[in-house]
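K.L.:
Residue numbers for the sequence shown follow this note's numbering, so the first one is 21 and each next one is one higher.
Take a look at the following structure, please.
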Amino acid sequence: MNKSLRHAMGAIFYPRAIAVAGASEVPLSFGYHFIRHLLDYGYQGYIYPVNPNKEVILGLKAYQSLGSIP
């Protein structure tokens, strides 16, 4: 496998950041469980919950839109 392909595969399987559109604090929602599992299993990268109606989700700063993530 060439270096370029290895780098691309690493970005997919070992991302440094994950944005979760539809993030929620509703326990039965996908957005809740996705973030909860990232936190529970020790994901080391940045987690960006995206929800225009919340300021904080599961202790993480929430963003109004994907475009508002730094």
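Note that CB positions come from ideal geometry on N, CA and C, so glycine has one too.
So Ala-37 is in the beta strand (DSSP E); what residue range does that whole segment cover?
P.N.:
Element bounds for Ala-37: 37-41.
K.L.:
If you compare alpha carbons, which of Met-21, Pro-90, Ala-43, His-27 is closest to Leu-78?
P.N.:
The residue with the shortest Cα to Cα distance from Leu-78 is Ala-43.
K.L.:
To which residues of the same chain is Tyr-52 closer than 7 angstroms at the C-beta, ignoring the five residues directly before and after it?
P.N.:
For Tyr-52, where only same-chain residues beyond five positions count, the Cβ hits under 7 angstroms are Ser-44, Glu-45, Val-46.
K.L.:
Name the two residues that bound the continuous beta strand (DSSP E) containing Ile-55.
P.N.:
It is not in any beta strand (DSSP E) - Ile-55 instead sits in the alpha helix (DSSP H) that spans 50-60.
K.L.:
The alpha helix (DSSP H) with Gly-32 in it runs from where to where?
P.N.:
Per the sequence shown, the amino acid found at residue 32 is Ile instead of Gly. That run of the alpha helix (DSSP H) goes 23-33.
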